[in-house]
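Student: Provided herewith is a single structure, encoded as structure tokens, for subsequent inquiry.
Number of protein chains: 2
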Amino acid sequence: MTPNFKIDHTNCNDCPIRHRAVCAHCNPNELEELEDIKYYRSFEAGQTIIWSGDQMNFVGSVVSGIASLTQTMEDGRTQMVGLLLPSDFVGRPGRESTPYDVQATTDLVMCCFRKKPFEDLMTETPHIAHRLLQMTLDELDAAREWMLVLGRKTAREKIASLLSIIARRDASIGQKVNAGPIVFDLPLTREAMADYLGLTLETVSRQISALKRDQVISLEGKRHVTIPNMGRLMEEAGDDSDGGFLV
Amino acid sequence: MTPNFKIDHTNCNDCPIRHRAVCAHCNPNELEELEDIKYYRSFEAGQTIIWSGDQMNFVGSVVSGIASLTQTMEDGRTQMVGLLLPSDFVGRPGRESTPYDVQATTDLVMCCFRKKPFEDLMTETPHIAHRLLQMTLDELDAAREWMLVLGRKTAREKIASLLSIIARRDASIGQKVNAGPIVFDLPLTREAMADYLGLTLETVSRQISALKRDQVISLEGKRHVTIPNMGRLMEEAGDDSDGGFLV
DNA sequence: GTTTCCACTTGATCTCGGTCAAGGTATCTT
DNA sequence: AAGATACCTTGACCGAGATCAAGTGGAAAC
């Protein structure tokens, strides 16, 4: 049940929590206070970080790689309910356990904080609590946006929606969204995409082939994607072209 | 755009916000402070409370009736992304507007607070901020639970899931869940149920008829539901019999 | 070099739920 | 009482996506 992980007490200057101003790294005093409750963990692709129902004694954020939140029914049907990209927060302050599995979808590094001290810090530091509320509202918006995808979009629109999310997240680190083609590597297997989209992996494969045939995307190998026209992709996704949503 | 509503400055002793300890009603000093920023609003069934993208200058909670959060695509496909029952919180502290329509699904009374003063109170009163985070995490859990319903469940399971949510919410006010049959009135039209479940109203109707035929539920008229065996209904919903989730 | 394995693709067929259409029933209006 | 309206039910048919099955390609293992 306890996964293999390496604990690493390296200095955390590049810890992505601070990108979202949730942790106290911007404030040197708080930094000191955190230093001894903070550690890195690495996970291999496919590894389960926490099982649904298990105690979760840390919070943290994704440094590199992708984590996913998954719910599974007794008969094996699974639905991914969240996709955590670098800088995303993991954890449920004030909660004992998770109602879903947290898995490393790719090789993953997380920056973790022991939960109790983090919660104490939170109660003492209003801006952390406030920032955490804002992040949770973001996640809620993303979850609700995804409910529209799951409930009402066609398979083709679902694929386009997913590609457009990943493209925008990737593009926001480096490229401008409306400046020429966007290029990225798909971080998910067809099966993971299917689990996120409420489809089968065969349908995912077929729809990707169709988008390629119709030149909405182009593929090199199975994972390297080029999007020549982001506006076109968002039309395919059924989004109004300007309405952006985050994962 | 501005709906007809009656403002009512009645004493708020029964305001459901305090049921969740989010507002300051439990503390008489805070109560005074809130008294002048608080008001009641009534809405008729079908009325839209806030349009997607509009400014939202209040937060509040549902006193009676049902409100729903809805997203609509350009071509008219709509998906309900949240169902707000009495005592549920409405609003996005720190946000300007909503990314979805908020509608009165039945006749509705809300207890509202002007947003700015409420936010100020929140920053001054850590336990309110904390409680609000917990409520938002609850909503997030509910949204994610619903993603499993939308993505992976069959039409029959979807209906059973919805009935079981409503039954449990209703039952928690008065009856014991595991004590005999549960009786309630369906507060939603077939169409609203379809919008929540990602189905058509015809499919909703057919599946309700099927559950009735198979004696999982019984119906008097079109809305009055009796659930003789809650465990059976939850099996039909595909839930493990003890795992409960809130709306 | 070839075997194995995994991720992916493509085809053939089936099925669940959508679509279109025709009533039915209760409530409200006139 | 007779329409009108809103909400619901049921039937017939169809199609998007699931299921079952076979095959491909590329990288790691032997």
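Going down the list, the sequences are from chains A and B. In the numbering used here, each number is its position in the first sequence, counted from 1, plus 68. In the numbering used here, each number is its position in the second sequence, counted from 1, plus 68. Don't be surprised by glycine CBs; every beta carbon is placed ideally from N, CA and C.
Which runs of the beta strand (DSSP E) at least 3 residues long sit entirely within the region 137–166 of chain B? Give them in chain order.
Tutor: 146–152, all fully within the region 137–166 of chain B.
Student: Please tell me whether Glu112 (chain A) has its Cβ less than 8 Å away from any Cβ of chain B.
Tutor: Not closer than 8 Å to any Cβ of chain B, the Cβ of Glu112 (chain A) fails to qualify, so no.
Student: Please confirm whether Gly299 (chain B) has its beta-carbon closer than 8 Å to some beta-carbon of chain A.
Tutor: By this cut-off, Gly299 (chain B) is not an interface position.
Student: Asp238 (chain A) to Asn297 (chain A), Cα distance in whole Å?
Tutor: When rounded, the distance between both Cα atoms is 15 Å.
Student: CA-CA distance, Glu142 (chain B) and Trp214 (chain A)?
Tutor: About 16 Å.
Student: If we cut at 8 Å on Cβ distances, does Trp214 (chain A) have a partner in chain B?
Tutor: Chain B, which has a Cβ nearer than 8 Å to the Cβ of Trp214 (chain A), makes this yes.
Student: Using a beta-carbon distance cut-off of less than 7 Å, what residues from the region 196–211 of chain A approach chain B?
Tutor: Taking 7 Å as the Cβ-Cβ cut-off against chain B, the residues of the region 196–211 of chain A that qualify are Ala197, His198, Leu200, Leu201, Gln202, Thr204, Leu205, Glu207, Leu208, Asp209 and Ala211.
Student: For a test of the three-state rule: what should DSSP assign to Cys94 (chain A), helix, strand or coil?
Tutor: Residue placement at Cys94 (chain A) is poorly supported in this model, since its pLDDT is 32, which falls under 50; the coordinates are not used for a value here.
Student: Is there a C-beta anywhere in chain B that falls below 8 Å from the one on Leu152 (chain A)?
Tutor: Closer than 8 Å: no.
Student: Between which residues of its own chain and Ala305 (chain A) is the CB-CB distance below 6 Å, once the five residues before and five after are set aside?
Tutor: For Ala305 (chain A), where only same-chain residues beyond five positions count, the Cβ hits under 6 Å are Glu225, Ala228, Ser229 and Ser232.
Student: Using the three-state DSSP reduction, which class does Asp209 (chain A) fall into: helix, strand or coil?
Tutor: Helix at Asp209 (chain A).
Student: Grouping DSSP H, G and I as helix and E and B as strand, with all else coil, what is Arg291 (chain B)?
Tutor: It is coil, neither helix nor strand.
Student: Any C-beta of chain B within less than 8 Å: which residues of the region 150–175 of chain A qualify?
Tutor: The residues in question are Gly150, Arg160, Pro161, Gly162, Arg163, Pro167 and Tyr168.
Student: Anything in chain A within Cβ reach of Gly306 (chain B), meaning under 9 Å, just list it in chain order.
Tutor: Here the neighbours are Met141, Glu142, Asp143 and Arg145.
Student: Is the Cβ-Cβ distance between Gly159 (chain B) and Gly219 (chain A) less than 8 Å?
Tutor: Cβ distance not < 8 Å, so Gly159 (chain B) and Gly219 (chain A) don't count as in contact.
Student: Measure the alpha-carbon distance for Val127 (chain B) versus Arg281 (chain B) and round it to whole angstroms.
Tutor: Taking the straight line joining both Cα atoms gives about 43 Å.
Student: Excluding the 5 residues flanking Glu112 (chain B) on each side, which residues of the same chain have their C-beta closer than 7 Å to its C-beta?
Tutor: These residues qualify, in order along the chain: Ala172 and Asp175.
Student: Using a C-beta cutoff of 8 Å, does Leu218 (chain B) count as contacting chain A?
Tutor: Leu218 (chain B) counts as touching chain A.
Student: What in chain A is Cβ-close to Pro194 (chain B), meaning under 8 Å?
Tutor: Chain A residues near Pro194 (chain B): Thr191, Pro194 and Ala197.
Student: Beta-carbon of Gly266 (chain A) versus every beta-carbon of chain B: anything under 8 Å?
Tutor: By this cut-off, Gly266 (chain A) is an interface position.
Student: For the beta strand (DSSP E) that Leu176 (chain B) lies in, which residues bound it at each end?
Tutor: Counting along the chain, the beta strand (DSSP E) containing Leu176 (chain B) begins and ends at Leu176 to Arg182.
Student: If you run the structure through DSSP and keep just helix, strand and coil, what is Thr116 (chain B)?
Tutor: Reduced to three states, the DSSP call for Thr116 (chain B) is strand.
Student: In the DSSP output, what is Lys106 (chain A) paired with across the bridge?
Tutor: DSSP output for Lys106 (chain A) lists A:Phe181 as bridge partner(s).
Student: Below 8 Å on the Cβ atoms is my guess for Thr136 (chain A) versus Gly150 (chain A); work out the distance and round it to an integer in Å.
Tutor: Correcting the residue identity first, residue 136 (chain A) is Ser in this sequence and not Thr. That pair is a contact at about 7 Å.
Student: Short of 7 Å in beta carbon distance, which residues of its chain neighbour Pro185 (chain A), apart from the five on each side in sequence? Order them along the chain.
Tutor: Taken in chain order, the residues that qualify are Ile105.
Student: In whole angstroms, give me the CA-to-CA distance for Gln147 (chain A) and Asp263 (chain A).
Tutor: Straight-line Cα distance between these residues: approximately 5 Å.
Student: How many Å lie between Asp206 (chain A) and Pro154 (chain A) at the Cα?
Tutor: About 15 Å.
Student: Mind checking if Leu137 (chain B) is an interface residue toward chain A, Cβ cutoff 8 Å exclusive?
Tutor: Taking Cβ atoms only, chain A reaches closer than 8 Å to Leu137 (chain B), which makes this a yes.
Student: Considering just the uninterrupted stretch of the alpha helix (DSSP H) at Gly248 (chain A), what are its terminal residues?
Tutor: First-last for Gly248 (chain A): undefined, no H or E at that position.
Student: Buried or exposed for Gly114 (chain B), please, with buried defined as at least 16 other CB atoms from any protein chain shown within 10 angstroms of its CB.
Tutor: By the neighbour-count rule (16 or more Cβ atoms within 10 Å), Gly114 (chain B) is not buried but exposed.
Student: Would you list the residues sitting across from Gly299 (chain A) in a DSSP beta bridge?
Tutor: For Gly299 (chain A), which the question treats as bridged, DSSP gives no partner whatsoever.
Student: Out of curiosity, what's the CA-to-CA distance linking Thr116 (chain B) and Tyr108 (chain B)?
Tutor: The straight-line gap from Cα to Cα measures roughly 16 Å.
Student: Quick one: what's got a C-beta closer than 7 Å to Leu287 (chain B)'s C-beta in the same chain, skipping five residues either side?
Tutor: Only Lys280 and Val293 meet the Cβ criterion.
Student: Let me check understanding here. Comparing Cα to Cα, which of A:Phe157, A:Ile250, A:Arg212 and A:Ile118 lies closest to Val284 (chain A)?
Tutor: Comparing Cα-Cα distances from Val284 (chain A) to each of A:Phe157, A:Ile250, A:Arg212 and A:Ile118, the minimum goes to A:Ile250.
Student: What does the alpha-carbon distance come out to for the pair Cys180 (chain A) and Thr166 (chain A)?
Tutor: Roughly 16 Å between the two C-alpha positions.
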